[in-house]
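For the sequence shown, the working numbering gives the first residue as 7, with consecutive numbering after it. Each residue gets a CB set at the ideal place from its N, CA and C atoms; glycine is no exception. Here's the structure, in structure tokens; my notes come after.
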Amino acid sequence: MARDGHVLPASRVYPNRADFTKFVHPIVEVLKCDAHVDAVALGLVLGRYGISQELSVGLELQAGGGFNAAALVTSVFRQARWAGQTDAFVARALPADEWTDNARPSLTIRFCEPQRIAALGPLRDRVTQFPGDGWPIDGFTTIPVGSETIGMVQGLRYIFLPEISIRWDMALRARLAEDPEEIDIILLDQAGKIGRMCRELSTMPMVADARLQWFDVIVGGNEDYDITIATLAREITARSAVETSMTRKPFSEILNLCSVGVLRQRLGLFEEVRAVPTKVAGRSPRGA
Numbered sequence: 007m008a009r010d011g012h013v014l015p016a017s018r019v020y021p022n023r024a025d026f027t028k029f030v031h032p033i034v035e036v037l038k039c040d041a042h043v044d045a046v047a048l049g050l051v052l053g054r055y056g057i058s059q060e061l062s063v064g065l066e067l068q069a070g071g072g073f074n075a076a077a078l079v080t081s082v083f084r085q086a087r088w089a090g091q092t093d094a095f096v097a098r099a100l101p102a103d104e105w106t107d108n109a110r111p112s113l114t115i116r117f118c119e120p121q122r123i124a125a126l127g128p129l130r131d132r133v134t135q136f137p138g139d140g141w142p143i144d145g146f147t148t149i150p151v152g153s154e155t156i157g158m159v160q161g162l163r164y165i166f167l168p169e170i171s172i173r174w175d176m177a178l179r180a181r182l183a184e185d186p187e188e189i190d191i192i193l194l195d196q197a198g199k200i201g202r203m204c205r206e207l208s209t210m211p212m213v214a215d216a217r218l219q220w221f222d223v224i225v226g227g228n229e230d231y232d233i234t235i236a237t238l239a240r241e242i243t244a245r246s247a248v249e250t251s252m253t254r255k256p257f258s259e260i261l262n263l264c265s266v267g268v269l270r271q272r273l274g275l276f277e278e279v280r281a282v283p284t285k286v287a288g289r290s291p292r293g294a
């Protein structure tokens, strides 16, 4: 926006099919080795992050009990580290009767029939400019119709990830730095905003379904990929849910994550990086 960054042509930034296949290969191999994987959908998806439109790896899978979630997250973070990705995340959809201390609210919109991305301007504006309590929705990914095209989409998905947002949202960072326990209120405010939005979006003729759902998440950034990968790599076998757990399939519980602790850690990492003197200031992409 300030025109102080180096502008590259799309051919240098967007991956081609060969690049994509090479990048996801290690992740795919992990999934092939897990007999508990029931279905996999994998392809390029177009995402919007702030003012930028970027291509991302869209991976969705269904897995039964005994699935090795730690192995999947490890492979994703290893590839993110290899690619110099600023942030990466893996999320598990929580059924209505499950809960975790590291849950994040999400918005999923599905269309009555596939839509061209170029025709989604009015819907995008209603989502990003929706009023009321909660934080602005400044990014989402598309749900593709198939693996070979990104021009037509069957929906949009957004997950509120404050541990990524505080990288550039100074207002959110300041509020959490003052009191990290505010995250519980922030998450509920955002869930309320998404719920109100779903009621309005459901009245649009093109929308077949708009719903609020909670996801259990593990987020990594270039400041802590190494330690997270090392911790997850020590999980040789899949964990089983403990008797007192409210989830049937452990995910963020593998790392003993909770929202307050996660935000404290992320804020500390960002402060450490800011405290290190450097001769050259730069801006890195906000890929997720």
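Inset, instruction - Identify whether Thr209 lies in helix, strand or coil by the three-state DSSP scheme. - result: Counting from 1 along the sequence shown, the entry for residue 209 is found at position 203. Three-state result, Thr209: coil.
Legend entry - Alpha carbon of Lys38 to alpha carbon of Asp185, nearest angstrom: Walking along the sequence shown from the start, residue 38 turns up at place 32. Walking along the sequence shown from the start, residue 185 turns up at place 179. Those two C-alpha atoms are separated by around 43 Å.
Legend entry - Residue span of the beta strand (DSSP E) that contains Gln59, given as start and end: If you number the sequence shown from 1, residue 59 lands on position 53. Its beta strand (DSSP E) spans residues Ser58 to Ala69.
Inset, instruction - Output the distance between the C-alpha atoms of His42 and Phe73, rounded to the nearest integer angstrom. - result: Counted from its first residue, the sequence shown places residue 42 at position 36. Counted from its first residue, the sequence shown places residue 73 at position 67. Roughly 5 Å separates the two Cα atoms.
Legend entry - Cβ pair count under 8 Å reaching 3, the region 129 to 149 against the region 215 to 232: no
Inset, instruction - Output the distance between the C-alpha atoms of Ser81 and Val36, rounded to the nearest integer angstrom. - result: Counted from its first residue, the sequence shown places residue 81 at position 75. Counted from its first residue, the sequence shown places residue 36 at position 30. If you take the alpha carbons of Ser81 and Val36, they lie about 7 Å apart.
Inset, instruction - Please check the pair Ile172 and Leu178, which I expect to be a contact at CB under 8 Å, by giving their CB distance rounded to whole angstroms. - result: Translated into the one-based positions of the sequence shown, residue 172 becomes position 166. Translated into the one-based positions of the sequence shown, residue 178 becomes position 172. Yes, they are in contact, since the Cβ atoms of Ile172 and Leu178 sit about 5 Å apart, within 8 Å.
Legend entry - Simplified DSSP assignment, three categories, for Met252: The residue labelled residue 252 in the question sits at position 246 within the sequence shown. Correct three-state label for Met252: coil.
Inset, instruction - Decide if the region 206 to 215 is in contact with the region 115 to 125; the criterion is three or more beta carbon pairs, one per stretch, under 8 Å apart. - result: yes
Legend entry - Cβ neighbours of Gly70 in the same chain (closer than 7 Å, five flanking residues each side left out): Along the sequence shown, read from residue 1 onward, the residue named residue 70 stands at position 64. If we look at Gly70 and ignore the five residues flanking it on each side, its Cβ neighbours are His42 and Asp44.
Inset, instruction - Could you name the residues of the same chain whose beta carbon sits closer than 7 Å to that of Ala298, not counting the 5 residues immediately before and after it, in chain order? - result: Residue 298 lies beyond the residue range present for the chain, which begins at 7 and ends at 294; the question has no answer from this structure.
Legend entry - Cβ of Asp139 within 7 Å of any chain B Cβ: Of the chains in the structure shown, none is chain B; there is only one protein chain.
Inset, instruction - Could you tell me which residues DSSP puts in a beta bridge with Pro111? - result: Indexing the sequence shown from 1 puts residue 111 at position 105. Answer is Trp220.
Legend entry - Span of the beta strand (DSSP E) around Val43: In the sequence shown, counting from the first residue as 1, residue 43 sits at position 37. Where Val43 is concerned, the enclosing beta strand (DSSP E) stretches over Val43 to Tyr55.
Legend entry - Reference Lys255, options Val159, Trp105 and Pro128, closest by Cα: Sequence index remark: in the sequence shown, residue 255 carries index 249 (1-based). The shortest Cα separation from Lys255 among Val159, Trp105 and Pro128 belongs to Trp105.
Inset, instruction - Tell me where the alpha helix (DSSP H) around Thr134 begins and ends. - result: Taking the sequence shown and counting its residues from 1, the one referred to as residue 134 is at position 128. That run of the alpha helix (DSSP H) goes Gly127 to Thr134.
Inset, instruction - Measure the Cβ-Cβ separation of Val159 and Pro150 and say whether it is below 7 Å. - result: Locating residue 159 in the sequence shown gives position 153, where the first residue counts as 1. Locating residue 150 in the sequence shown gives position 144, where the first residue counts as 1. Yes, these two residues count as a Cβ contact at 7 Å.
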